[in-house]
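S.K.: Residue 115 is where the sequence shown starts when you use the numbering used here, and the numbers rise one by one after that.
We put the CB at the ideal spot given by N, CA and C, even for glycine.
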Amino acid sequence: MSYEGEMLKDLRMPPRKDVEKALLVTLFKHNGIIKEFGPRQEIVDEIANEFRLNEKQRAAFLQTIYRKENRVKKSFLWHRLLFRAADSLANEKLVSRPTSTLQLTKKREWMLTEKGFDEALKLLRIPNTQKEFLPTKSFEVQRVIKKLTDTRRPKSYNPFDNQKKTVKVTRNSILRERGFRQAVIEAYDFRCAACGMKINSPDSLYWEVEAAHIVPHRHYGKDDVWNGLSLCRFHHWAFDVGWFALRTNFTIEVAPKINSLPVSEGRMGNYEVLKNILKNDVKIILPKQPNVYPHVNAILWHRKHIFHSSERI
Ligand SMILES: [Zn+2]
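1. In angstroms, rounded to a whole number, what distance separates the CA positions of Glu183 and Tyr407?
2. Using only the heavy atoms of ligand 1, determine whether one of them is closer than 7 Å to the beta carbon of Ser348.
3. Terminal residues of the continuous beta strand (DSSP E) containing Glu324?
4. Since Thr215 is in the alpha helix (DSSP H), which residue starts that stretch and which ends it?
5. Could you give the distance in angstroms between the alpha-carbon of Asn394 and the alpha-carbon of Trp321?
6. With distance defined between alpha-carbon atoms, name the residue in Arg222, Lys251 and Ser210 nearest to Leu319.
7. Between the segment 373-385 and the segment 233-246, can you find at least three pairs of beta-carbon atoms closer than 8 Å?
8. Since I believe Leu226 is in contact with Phe253 (beta carbons under 8 Å), could you give me their beta-carbon distance rounded to a whole number of angstroms?
9. Determine the contact status of Asp354 and Ala326, defining contact as a CB-CB distance below 8 Å.
10. I need the boundaries of the alpha helix (DSSP H) containing Lys236, first residue and last residue.
11. What does the alpha-carbon distance come out to for the pair Ile366 and Ile147?
12. Could you check where the alpha helix (DSSP H) with Val255 kicks off and where it finishes?
13. Answer with buried or exposed for Ala173, where buried requires no fewer than 16 other C-beta atoms within 10 angstroms of its C-beta.
14. What do you reckon, is the C-beta of Ala59 under 7 Å from a heavy atom of ligand 1?
15. Distance, Cα to Cα, Asp201 vs Phe274?
16. I'd like the span of the alpha helix (DSSP H) that includes Gly119, first residue to last.
17. Can you tell me whether Met127 sits near ligand 1, meaning its C-beta is under 7 Å from at least one heavy atom of the ligand?
18. In this structure, what does DSSP give as the bridge partners for Gln177?
19. Can we say the segment 291-306 touches the segment 256-268, given the rule of at least three CB pairs closer than 8 Å?
20. So, are the CB atoms of Glu118 and Leu176 less than 8 Å apart?
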C-alpha cells in the first residue's frame, strides 16, 4: 500500500466514493462552483465538518522529499483526498476541471457539468423538473451565459426568431433557455426591474424573480438578454398582460385604465395594491452593463402589440 493509502487507512479517513458524493452535493449548494482546494477555505472545512473529521484527521499531512532541490513539500491529507475525489469526478465528466473553467470564467474553479447537476439532484432527491428554476450553474449553461452576455449589442436588433416557427425542443434549446433565464436574473442582480424586490427561498435555492421575455415566446421572441427583463411574479404578469410598458428611456408607463378600476379590484382590504405597485414614470432598475439593457426594438414591439392593444379592449 502506498504511503498516502496507509495514512488514509491509519487515520480512518472517509472513503473516496463518499467524499465524491459529498463534493457533488456541496457544489450544488454553492450554486455549482467551488474554488480549488486550499488552506483556510470555507469549503474545505464545510465538507470536513460533514464527515465530522477530528483534529488529527484535519491536521495530518504528507511529506514529499525532493532530494535534488533539497526541500520537503507538505500537503494536507484531507486536501489531497478532496482533490482526488474532484479529479475522479472530472474523469467521469461530472465536474469541469479548474483549467477548463478558467477559460470560461477567468477563475480557477471546479464547476458542475449538466451530468453532475443531474447526479446531484438524484442524490438530493430533487425532481429533475425543478432544474430550470434552480440558480445552480453548470459548465454548459455558463457557456451559453457567456455567449449571451459577451455578444456585442447589435444596433438593429431583430427580437424575433423566425426559425422558431417549427418548434423543436432540443438539448441545445433547453440549455439556451436555462442560460437565458440565468443570464437575465444575474444581470439584474436577482431583483425585479420594476419594484426592486430581491428575495430567495428559505433554503436559498429558488430566487423569486423570473426572466420575462419582452417579445413573448408565443410571438417567437428570442432567448436573448436584450429581449429579457428580470421581474417578480406580479410584475411579470402585469407586463405580459399590458398593465405597464417601458418607454425607450426605460421609464414605466402604466395603462390609464388603472384610474377607472372598479372598487372591488386591485385592492387588499382598503389598500390599493395595484396603484401602489405600478408606479408611472419611474425608471426601472437596469443592469450594471449597458450591453445587456433591454433593446429598444423589443420595447417598441411590446408597446405596440401588447400595451396599446390592451388599451383598445
Ligand atoms: Zn416587482
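M.R.: For this structure:
1. Within the sequence shown, numbered from 1, the residue matching residue 183 stands at position 69. Within the sequence shown, numbered from 1, the residue matching residue 407 stands at position 293. When rounded, the distance between both Cα atoms is 56 Å.
2. As a first step, residue 348 is located in the sequence shown; it is residue number 234 there, counting from the start. What sits at residue 348 in the sequence shown is Phe, not Ser. Yes - ligand 1 has a heavy atom lying nearer than 7 Å to the Cβ of Phe348.
3. Against the sequence shown, residue 324 aligns to sequence position 210. That run of the beta strand (DSSP E) goes Glu324 to His327.
4. Taking the first residue of the sequence shown as position 1, residue 215 is located at position 101. Its alpha helix (DSSP H) spans residues Pro212 to Thr219.
5. On the sequence shown, residue 394 is found 280 positions in, with the first residue counted as 1. On the sequence shown, residue 321 is found 207 positions in, with the first residue counted as 1. In a straight line, the C-alpha of Asn394 is about 26 Å away from that of Trp321.
6. Within the sequence shown, the letter at position 205 stands for residue 319. The shortest Cα separation from Leu319 among Arg222, Lys251 and Ser210 belongs to Lys251.
7. no
8. By 1-based counting over the sequence shown, the position of residue 253 is 139. By 1-based counting over the sequence shown, the position of residue 226 is 112. Indeed, because the Cβ distance is near 7 Å, the residues count as touching under 8 Å.
9. Sequence index remark: in the sequence shown, residue 354 carries index 240 (1-based). Sequence index remark: in the sequence shown, residue 326 carries index 212 (1-based). Against a cut-off of 8 Å, the Cβ pair of Ala326 and Asp354 comes out as a contact.
10. By one-based count along the sequence shown, residue 236 stands at place 122. Where Lys236 is concerned, the enclosing alpha helix (DSSP H) stretches over Glu228 to Leu238.
11. Sequence index remark: in the sequence shown, residue 366 carries index 252 (1-based). Sequence index remark: in the sequence shown, residue 147 carries index 33 (1-based). Using only the alpha carbons, I get a separation of about 36 Å.
12. The sequence position of residue 255 within the sequence shown is 141, counting from 1. Secondary structure note for Val255: its alpha helix (DSSP H) is the uninterrupted segment Phe253 to Asp264.
13. Locating residue 173 in the sequence shown gives position 59, counting from the first residue. The residue in question, Ala173, is exposed, as its Cβ has fewer than 16 Cβ neighbours within 10 Å.
14. Because the chain in this structure spans residues 115 to 427, residue 59 falls outside the shown range and cannot be described.
15. Within the sequence shown, numbered from 1, the residue matching residue 201 stands at position 87. Within the sequence shown, numbered from 1, the residue matching residue 274 stands at position 160. C-alpha separation (whole angstroms): 43 Å.
16. The sequence position of residue 119 within the sequence shown is 5, counting from 1. It spans Tyr117 to Asp124 - the alpha helix (DSSP H) in which Gly119 sits, taken as one unbroken run.
17. Position 13 of the sequence shown, counted from the start, is the residue given in the question as residue 127. Every heavy atom of ligand 1 is 7 Å or more from the Cβ of Met127, so no.
18. Locating residue 177 in the sequence shown gives position 63, counting from the first residue. Within the DSSP bridge table, the entry for Gln177 names Lys188 as partners.
19. yes
20. Residue numbering aside, residue 118 sits at position 4 when the sequence shown is read from its first letter. Residue numbering aside, residue 176 sits at position 62 when the sequence shown is read from its first letter. Closer than 8 Å, so yes.
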